[in-house]
Each structure stands twice: as C-alpha cells, then as structure tokens.
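Under our numbering, think of the first position of the sequence shown as 325, with each following residue one higher.
Where a beta carbon is used, it is the ideal one built from N, C-alpha and C, also for glycine.
Input: a single structure, listed below in structure tokens.
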Amino acid sequence: MTLSGTAPRAPRAPPPAFASVAARRALVTGAGGFAGQWLCRELVRTGWDVTGSSLVGAPAPGILSVDEHVLVRWRRDDLLHAGSVRGAVDDAMPDVIFHLAAVSFVPAAGRAPALALDTNVGIAVQLLDVVEERRAAGTLDPVVLIVGSGEQYGRHEASALPLTEAAECRPFSPYAASKMAQEQFALAAFRRANVRVVCTRSFNHSGRGQSTDFVIPGLVQRVVAAARAGDRTVTIGNTSVARDFLHVEDVARAYVALVEHGLPGEVYNVSSGVAVTIGDLAAQVAAIVSAPVEFTPDPALQRAADLPHLSGSPQRLHADTGWTARLGLKDVIRDVVAAEMA
C-alpha cells in the first residue's frame with residue numbers, strides 16, 4: 325500500500341467483510357442526502373433495519389415513498405461533534421455502517437477546504453475511533469463502508485482509462501485530497517486494529533432527486549426550460565470533459581453488495597467503465613427531451629480544476645461481489661427528465 329494508490333492485490337483470500345454477521349442492522353450517515361436516501365431505499369426494500377443519521381433529520385418523502393420513509397429510524401446529528409458520532413453508533417448498534425456524510429460537491433469543497441477537511445476526514449476518523457473502541461470492548465464489530473471518490477485519481481492520460489484501483493492517486497482538488505485522506509485513515513484502522521473497513525472510489529452518479537448543482541440535473545433543467553420557452557440556445561460547461569456515470573440506484577446496490585461480499589481492507593471502484601463527454605451527454609439530454617436546441621459554452625459553468633477525463637474499471641467490484649449495473653446513462657437521463665417535467 326502506498327499513499328498514492330493501492331498496490332495490486334496479494335494472493336490472499338480473506339472472508340467477505342460481512343461473513344460473520346447474522347443480523348442486518350445498518351447505520352447510514354448522510355442519510356438525508358441524495359445518495360443516502362437512495363441507499364436507505366435499497367436497504368428497506370431488502371429487509372434491513374435502518375437507522376438514518378442526517379444533519380437536518382428526516383428528509384421529506386420523495387426518493388423514498390411514504391411507506392419506505394417510515395421504515396427508517398431517522399436521527400438528527402451534527403457528526404462534527406464526537407458526542408453525536410458516539411450517540412448515533414450506540415443508538416443504532418449496527419452490524420454495518422455506511423458512511424456517506426460528506427461535503428460532496430467539488431466546488432463547495434474548493435470554496436471551503438477547511439470545512440471539507442473537517443467533514444470528509446474528521447467525521448470518518450471519529451467514527452473509526454468509536455468502532456475501534458467498541459470492538460476492543462467486545463460490544464460491537466461492524467463492517468464500515470467508507471465512501472470515497474473517483475476524483476482521488478486526479479489527472480491521467482485518456483489512454484490509461486478506465487483506471488483500476490492500482491492506478492496512482494493524484495488528488496487535484498481539496499475535495500479529492502480530503503477523500504484520499506479519509507481512505508488512508510480507514511485503511512490504517514484496518515491494518516492497526518482489524519476494523520472491517522471496505523472503501524469505495526465512487527464515480528459520478530445521478531438520478532431523480534439530485535441537486536441541479538450537479539451536471540445532469542443542471543443540464544436537464546436548462547434544456548427543459550428552453551424547450552418550454554421556445555428558446556433554441558442552452559448554455560453549457562466544457563463539452564470535452566469526459567466522466568463515468570452510473571444510476572444512483574446501481575450505486576446503492578453496489579454499496580450493499582460490498583458490505584455483504586467485499587473484502588475488508590480493500591478499495592473498490594464503483595463505476596461503469598465508460599467515459600462520456602459532456603457534449604455527448606448534452607446531445608442525449610436534448611434528444612430525450614425532444615428539444616431542438618444548440619449548446620453554447622459558458623465560462624461561468626466551467627470549473628477551473630476540472631479533470632479532462634475520468635473513468636474507472638468496475639472489474640474488481642464485479643469479481644468480488646457479482647455486481648453489474650442494471651441501468652444505463654439513458655435511464656439516468658430519462659428519470660431526471662421525468663422528475664423535472666413532473
């Protein structure tokens with residue numbers, strides 16, 4: 325293991341992280357966020373007992389149906405405080421902790437790097453400390469899924485894509501650096517204290533309920549608005565940037581598969597393996613909306629720290645868990661368009 329990435333896997337066969345767990349109690353941090361709500365939805369649909377911790381408490385039903393929403397035990401926690409972390413863990417007594425709480429918007433982390441560090445690293449460190457203490461006392465030994473980001477890889481040549489987990493990590497933004505530090509603390513807890521951590525490097529994912537700050541909902545909103553107004557021009561960011569997209573429903577399935585079948589101390593890409601340019605994405609959005617629009621680059625929508633292209637290989641995830649994506653990019657766009665036009 326190096327600070328810059330993960331070495332190729334040694335010829336070992338430890339048991340899956342979840343192998344010794346009989347019950348199915350889950351604590352989800354960041355449960356009120358976009359991916360957190362979709363994960364809670366997947367968990368309650370598959371029979372888990374779910375405690376959802378969120379800075380704002382229970383979100384309104386929407387991503388979760390009313391019937392699904394009431395199956396989650398919602399907590400309002402400011403996990404920047406150690407007491408709240410301990411309270412959430414001791415209340416849930418989880419067999420699995422899905423740690424999603426984060427500053428997840430790359431520009432927001434860039435504008436407030438200290439907050440991103442406190443949130444994306446500090447909460448994880450406190451959570452791992454509590455788990456290590458409870459494990460040493462013999463009261464709790466949960467699997468801990470630490471959700472990282474494909475942004476951790478930074479800049480690589482297009483010819484190297486899709487990146488495997490052995491690729492060098494070259495964090496380029498405060499967000500990516502904070503996620504890389506979070507991963508290293510988690511893997512250190514595994515090596516030092518046998519805390520059963522499984523880490524992800526999750527690439528772009530979208531779907532119904534995501535903020536328009538993110539690329540697909542933001543683009544859909546502008547195209548739908550143009551179509552309704554009869555406008556023929558839509559502003560767009562850098563059309564040559566390429567990203568790897570999954571439907572958030574598939575991401576939630578991947579997280580559950582990893583705690584059930586992933587190996588402790590491992591890092592997994594959660595990705596499609598396919599890079600799509602923002603220009604191609606925009607064309608697909610326009611086609612699905614049936615909007616005869618042209619796209620005009622707007623410097624205000626371009627990020628100074630944008631990576632030119634990024635995609636990850638899901639081969640390790642598939643090999644260890646059997647997971648495959650069930651939905652494609654067109655499904656993502658259709659779902660976001662339907663929500664925008666509802």
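Rounded to whole angstroms, what is the Cα-Cα separation between residue i and residue j?
i: Ala377; j: Leu439; result: For the sequence presented, residue 377 should be read as Ser rather than Ala. Answer to the nearest angstrom: the Cα atoms are 19 Å apart.
i: Ala513; j: Asp402; result: 23 Å
i: Ile447; j: Ser595; result: 25 Å
i: Val544; j: Gln626; result: 17 Å
i: Gly603; j: Lys654; result: 14 Å
i: Asn528; j: Asp568; result: 6 Å
i: Val374; j: Ala501; result: 30 Å
i: Val449; j: Gln608; result: 41 Å
i: Arg640; j: Gly586; result: 10 Å
i: Ala382; j: Val575; result: 21 Å
i: Leu451; j: Ser408; result: 10 Å
i: Ala510; j: Val521; result: 6 Å
i: Ala649; j: Ala566; result: 19 Å
i: Ile657; j: Leu605; result: 9 Å
i: His480; j: Phe429; result: 21 Å
Going by beta-carbon coordinates alone, are residue i and residue j separated by less than 9 Å?
i: Glu366; j: Val547; result: no
i: Ser564; j: Pro623; result: no
i: Tyr499; j: Ser473; result: yes
i: Leu485; j: Leu634; result: yes
i: Asp415; j: Val467; result: no
i: Val617; j: Ala610; result: yes
i: His571; j: Ser526; result: no
i: Ala551; j: Arg459; result: no
i: Ser497; j: Ala433; result: yes
i: Met417; j: Leu464; result: yes
i: Ala663; j: Arg532; result: yes
i: Arg515; j: Gly589; result: yes
Excluding the 5 residues flanking residue i on each side, which residues of the same chain have their C-beta closer than 8 Å to its C-beta?
i: Leu379; result: Gly356, Arg400, Asp401, Asp402, Leu403, Ala425
i: Gln534; result: Phe358, Ile540, Pro541, Val572, Val660
i: Pro671; result: No information on residue 671 is available, as it lies outside the stretch 325 to 666 that the chain covers here.
i: Ile387; result: Phe358, Gln361, Trp362, Arg365, Arg532, Gly533
i: Arg556; result: Ala550, Pro616, Val617, Glu618
For residue i, count neighbouring C-beta atoms within 10 Å of its own C-beta (all shown protein chains included) and say buried if the count is 16 or more, exposed if not.
i: Lys503; result: buried
i: Ala491; result: buried
i: Ser614; result: exposed
i: Pro541; result: buried
i: Pro385; result: exposed
i: Gly462; result: exposed
i: Val413; result: buried
i: Val445; result: buried
i: Thr326; result: In this predicted model, Thr326 has a pLDDT of only 47, less than 50, meaning its place in the structure is not dependable enough to derive any value.
Since residue i and residue j should fall inside the 8 Å C-beta cutoff, what is the C-beta to C-beta distance between them, to a whole number of angstroms?
i: Leu353; j: His423; result: The displayed chain sequence assigns Thr, not Leu, to residue 353. Going by Cβ atoms, the distance from Thr353 to His423 rounds to 5 Å, so yes, they are a contact pair.
i: Thr620; j: Thr559; result: 6 Å
i: Ser637; j: Leu469; result: Wrong, their Cβ atoms sit about 20 Å apart, outside the cutoff.
i: Ile612; j: Val539; result: That belief does not hold up - the Cβ atoms of Ile612 and Val539 are roughly 15 Å apart, past 8 Å.
i: Thr443; j: Val454; result: Not confirmed; about 17 Å, so no contact.
i: Trp372; j: Arg348; result: 5 Å
i: Val519; j: Glu457; result: Contact flag wrong, Cβ pair sits at about 10 Å.
Spatial neighbours of residue i within its chain, please: C-beta separation below 6 Å, excluding the five flanking residues on both sides.
i: Glu507; result: Gly472, Cys523
i: Val368; result: Val374, Glu392, Leu395
i: Gly360; result: Val352, Gly354, Leu424
Could you pull out every residue in the same chain whose Cβ sits closer than 7 Å to the Cβ of residue i, ignoring the five residues on either side in sequence?
i: Met665; result: Val548
i: Asp644; result: His585, Gly586, Leu587
i: Pro431; result: Arg627
i: Asp630; result: Asn562, Val565
i: Leu441; result: Ser502
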